[in-house]
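Protein chains in written order, with this note's numbering: chain A, 3 to 317; chain B, 233 to 550; chain C, -9 to 502.
Cβ atoms here follow ideal geometry from the backbone N, Cα and C, with glycine treated the same way.
See below for the structure under consideration.
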Amino acid sequence: MLAFVLKKFAQLFVTTLGVVTLVFFTLRLIPGDAASAMAGDSLSGEALERLREQMGLTQPLMTQYATYLKSLLVLDFGQTITTGLSVYDLMKSALPITLLIALSTIVITVVAAIPLGTLAAFMAHKGRKGLDNLITGTAMVLDLMPSFWTGLVFLLFFSLTLRWFPASGDVDMSDPFSVLHRLALPVLVLAVTQIATMARITRTAVLEVLGEDYIRTARSLGWSELRVLFRHALKNAALPIVTVIGLSFGSLLNGTVIVEFIFNIPGIGSLLVNGINSRDYQMVQNLIIFYALIFVTINFATDIIYRKLDPRVTF
Amino acid sequence: MTDAMSLGRSTSGEADAPLPRPTGGPAIAQRSAAPAAARSVPAFRGLRAVLANRKARIALMILVPIRVLTALLPWLPLQAPLQTNLRAMMKPPSFTFPFGTDRMGRDVLSRTLEGVKVSLFVGFSVAFISLVFGIVLGTVSGFFGKVVDRAIMTVVDIFLAFPSLLLAIGLVSIVGTGLVPVIMAIALADIPRFIRLQRSLVLGLRSRAYIDAARTVRASQWWLLSRHVVPNTIASLLVAASIAAANAILVEASLSFLGLGIMPPEPSLGNLIRDGQTYLEQAWWISTLPGVVILAIAISLHFLSDGIREVLDPRSRK
Amino acid sequence: MSFARRQFLSLLAASVAVVGFAVATPAPSQAQDKTLKVRFYDDPAGFDPANIFRIENENIAFNIFSGLTTYDSKTGKIIPDLAESWDTDDNKTWKFNLRKGVKWHKGYGEFTSADVVYTFNRIRDPKTASPYAAELANVAKVETPDPYTVVIELKSPDGNFLHQVANYHQGQIVNRKAIEDAGDKVRWNPVGTGPYVLDFIDVNSRIVLKSHKDYFRGPAPIDTITFQIIKDENTSTIALRNGEIDLVMRANREEHLETLRKEGFRMNKVENYAVALKVLNPAFKPLADVRVRQAIAHAIDYDTINQATAPSMQKGTASFILPWMDVYTDDIPKYPFDPAKAKKLLAEAGYPKGFTVKHLNTSAQGVTELQQFEIDYLSQVGITMKMELVDTPTFNQKRNAGDFEFATRLLPAVNPDTILFNYLHPANASPKGLNGARYDNPKLTALLEGARAEVDPKKRKAMYAEVQKIALTDLYYLPMYANHVIWPGKQKVAGVNINYLGQVNFFEVDVK
């Protein structure tokens, strides 16, 4: 096990270095730079060149790369190019918001999706197609609905028509009530898609288990259906479900970018989109690397948990 | 919605493990055991089997007519997709304009059909490109192993470190917007997933008895690959490919929504929805109807993939 | 694996709590002070007058700083600000008498003539790398006979000099000690003498201004103004309709304006704020022929297009200059919609079958409705207009380099000379300046320079009229429309007077 973890860790390191290098150089392939993005409509020619120099965009590429690697080693994220603010500070204020959105979504998803999926599987197993088809069908439609579309409809309905939730405003982390009020809608939008995905996976996993011999044995022992379902079937289906919870983090991170855009939330997704639009290399490369790190680390953890849970996988 | 693991989750019910498993994993091994019987089945018999499947038939009954309509578009009695009409602005659905008109008096139905053409092109191009690269690199990686495998998988891991939509956003901001860049960006995010899938399938096959048998008769590697390895994986990859097509259509829509996809006036389902969203209150049809069409296509593609899978693996038909 | 059930219960409890709290929470309570919430539409980029960009940032700076002069919100006329009065005999030596007892923000003491010298020298210092240094290039020396007098000597006479020292960009007076204290964070620590003090900023969400109690015209009526960053137009409209904000800085979607007008919001508006021009680049061969350029003008019916696409935001115009400017004249060549004449001109120029031309635009904007109509109209005379869509920074780079066939420009300015000089003078030809068509007509250049030096207002006006006539005959820049800037707000928000730079002086704004 230890050897396995070490090997994975080495892989993690190589991947991270690869990500850093890839991001650094591809960002610089993008035509247009931070200076012209910042100046917008009003500047040109000489004035722009002066601005570019001032922003340190005229140094040779390899020098910039070396400087960047060195600063990463000491965890110095530097300042944004366009606004001269500390990237670390910006990320520090944005990260909790995005994490809060992501984690609440996961909680709601797990709570709603697993019973729904199990129920659907049970119905399917019993040959009662009606309810199973309803759950599966709804899940499929919601799963495939573009989240920006769901987001918009929710915004119109819950914000404008019902006036339950605000469409704009601060996300002041020191005031938990206002934060929840403000973040409820984006979490809901994300959760709808996630619940749909996870319910479908739970259904498949449980359904597979329900056909196994030991379930038949358990039933023949006279245990109640519910007990069989939740104690045995769901327990044995937990492996793929845990894996999927880990994996769904990727789609959650995608999703936060979209909802933060629609609902105007100052999380790291907004930082990223703004960074790309203003060609702020310092900002974007740190964020993308950060996203990659979260993603890779979670995959790493999932992989290890998977091995730990699955008796069939040997080392 | 579209996500990193959609390929994995639909090809094998319990999802791919995030990092490569040396044995190809138990699920994959089970799955590829099933088509072993279909090994020698000629292509058309496979097609007939798919057509006999209910889900696949439903999918084709939706996809084929839509595609035929888009092909017939120039001959349909509709206003041309780019034609503006100042006398018929924001008209609700009617006999002349079945899907209504937008703010510039353009026919939403003909624009939707034109958009379907573009979206399907994006979807199938991405699926095809990912399939080709996935088969070649995944087979090489899985079959030859060692240094080649490690090199390919390291690169794959680097690409897989990015959530797919973010990777596509990054790529589009480099190569620019438009049809070809969008296809490239989405395909590049999908290829590593196909490579990984193909690799695990090949790994599972490599230890198979009949491959060993072929080896003992000293068959050439090329013969081995083309007659025994790739034909046995292609079906599972097709399942993944139809999901990838649906996925690509939705990613294109998301990119368009962020202003990074296919640009108006060239319609794609994504930018039609985006254009219409500002009028959601005054004229719901402008973006809702293309939205329904995109959903129908995505669901059909998923049905198609389910259908193919059920044909391959009767166990999963429940 | 009994973890599953226990985990379930606690997760269930947590999520019920999340949803429950969220619904139960009332909207944030109102503060005691008079407050105003304004939508801000992009990321703030800082407020250092020497390095400030984009109108939304400039609007914040406009309320923090003061200039020697400023603009009347309604008429656009130059009025006194930090200078109480001024005089000049020859447009070359300018003497300003400063206001006494003006207090800096945040306890930085009293404003004196030394601050003016420091400000202008800072702009002109190459180390500051200010893009606005050129605006003061004509300054020979700045002297301070006493703390309340500034004398500025120019290298050559400039009748428009009062514009250069107005409360805008290089004209905004800064405090030496405050600049030095801020170090490399000058742009986030603006200290001025204006009606509002920057109190707090989170570049990701909001900017908070507080009334400057010692402002020389007295404290502003509103105590706290919060600028909430809302980029999406849909969201900002919903936020206004929901009462989450009081005022929208620049709404620019026709459909939203229609909705808001119907629902009774106050549509604060300035008309004829700036003219949008189409740049016809003669580097693309067909456009080198004046007949082709005139044919294009005859081929497109901008009046009708603007009426159809954005009736409340723009209208067709024939001139570069806006009607409220003193040098405006109606006596200019005009090109009424006449496709037959356009075809004839094209045939004469040797393009009876037309040609294909590429129009540069950003992919963020895509193809605007206006451009779709242009494509339609041009196709009627045989010209195929294709769109070349690139991302915004690339667009800026290409347009600045003059690397395009068709492009558009819009330059808001109060000083007509700014518009004419930037577009028409060869010294500003791409890639150095905004003259993307690299227009160079010696006769016009001489007139432009002459008009700057001319002291007699009547002669000056005649010279500018001649400039406009020549430029619109040569037609490298085709006027498409004059646009209006609209800030929809609640009825109770009064005094939102948008000036001709598209800015609002919040000193005049009050909540009833």
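- Neighbourhood of A:Val173 in chain C, by CB distance below 8 Å: Ser195, in chain order.
- Counted as a single uninterrupted DSSP element, the alpha helix (DSSP H) harbouring A:Thr120 occupies residues 89 to 127.
- Between the segment 269 to 288 of chain C and the segment 386 to 400 of chain C, the count of Cβ pairs shorter than 8 Å is three or higher; the stretches touch.
- At least one beta carbon of chain B lies nearer than 8 Å to the beta carbon of A:Ile260.
- C:Asp62 counts as exposed, since fewer than 16 other beta carbons sit within 10 angstroms of its beta carbon.
- Under the three-pair Cβ rule at 8 Å, the segment 470 to 481 of chain C counts as touching the segment 299 to 315 of chain C.
- For C:Trp477, there is no enclosing alpha helix (DSSP H); the residue is found in the beta strand (DSSP E) stretching over 467 to 479.
- Using beta-carbon distances, A:Asn279 counts as an interface residue toward chain C, with a partner under 8 Å.
- Excluding residues up to 5 positions away in sequence, Tyr61, Gly66, His153, Tyr490, Leu491 lie with their Cβ nearer than 7 Å to the Cβ of C:Val404 in the same chain.
- Taking a Cβ-Cβ cut-off of 8 Å, the neighbours of A:Ala294 in chain B comprise Ala393, Phe394, given in sequence order.
- DSSP places B:Arg335 in the coil class of the three-state scheme, outside both helix and strand.
- Taking 8 Å as the CB threshold, A:Ser170 lines the interface with chain C.
- For chain B, the residues of the segment 16 to 32 of chain A that bring a beta carbon within less than 7 Å of one of its beta carbons are Val16, Thr17, Gly20, Val21, Leu24, Thr28, Leu31, Ile32, in chain order.
- Burial check for C:Lys388: the Cβ neighbour count within 10 Å reaches 16 or more, so the residue is buried.
- In the displayed model, C:Trp84 falls within a strand according to three-state DSSP.
- Note on geometry: alpha-carbon atoms of A:Thr304 and A:Ala235 lie some 21 Å from one another.
- Chain C places a beta carbon closer than 8 Å to that of A:Ser161, counting this residue as a contact.
- Only residues of its own chain outside the window of five on either side were considered, and among them none has a CB closer than 6 Å to the CB of C:Ala124.
- Contact annotation for B:Met495 against chain C: Ser353, Gly356, Val357, Met377, Leu379 [CB-CB distance below 8 Å, chain order].
- C:Asp71: not part of any beta strand (DSSP E); DSSP gives it neither H nor E.
- Exclusion of the five residues before and after B:Ala477 leaves Gly355, Phe356, Val358, Ala359, Leu533 as the residues of its chain whose Cβ lies within less than 7 Å of its Cβ.
- For the segment 228 to 247 of chain C, the beta-carbon criterion of a distance under 7 Å to any beta-carbon of chain A is satisfied by Ile228, Ala229, Arg231, Asn232, Glu234, Ile235.
- Looking at the backbone, the Cα of C:Tyr98 and that of C:Gly91 are separated by about 13 Å.
- Of all alpha-carbon atoms in C:Asn81, C:Asn111, C:Tyr122, the one lying nearest the alpha-carbon of A:Glu51 is that of C:Tyr122.
- Taking 8 Å as the upper bound on Cβ-Cβ separation, chain B lies near residues Met142, Val143, Asp145, Leu146, Met147, Pro148, Ser149, Phe150, Trp151 of the segment 129 to 151 of chain A.
- At least 8 Å separates the CB of C:Phe151 from every CB of chain B.
- Sequence-distant Cβ neighbours of C:Ile163 in its own chain, meaning closer than 8 Å and more than five residues away, are Phe55, Ser56, Gly57, Leu58, Leu72, Phe101, Asp105, Val106, Thr109, Gly182, Thr183.
- Residues of chain A with a Cβ closer than 7 Å to the Cβ of B:Ala485 are, in chain order, Pro148.
- A check of alpha carbon separations from A:Glu55 across C:Arg44, C:Asn157, C:Ala119, C:Arg112 identifies C:Ala119 as the nearest.
- Contacts with chain B at 8 Å (Cβ-Cβ) do not include A:Phe6.
- Its Cα nearest to that of B:Trp455, the residue B:Phe375 stands out among B:Arg428, B:Phe375, B:Trp517, B:Ser519.
- Shortest Cα-Cα distance from A:Ser149 to any of B:Ala383, B:Ser488, B:Ala472 involves B:Ser488.
- A Cβ of chain A is located within less than 8 Å of the beta carbon of B:Asp389.
- Within the segment 28 to 52 of chain C, contact with chain A at the beta-carbon level (separation under 7 Å) is assigned to Asp33, Ala35, Gly36, Phe43, Arg44.
- If you check each beta-carbon in the segment 526 to 546 of chain B against every beta-carbon of chain A, the ones closer than 8 Å belong to Ile526, Leu527, Ala530, Ile531, His534.
- Of the other Cβ atoms in all chains shown, fewer than 16 fall within 10 Å of the Cβ of B:Trp307; this residue is therefore exposed.
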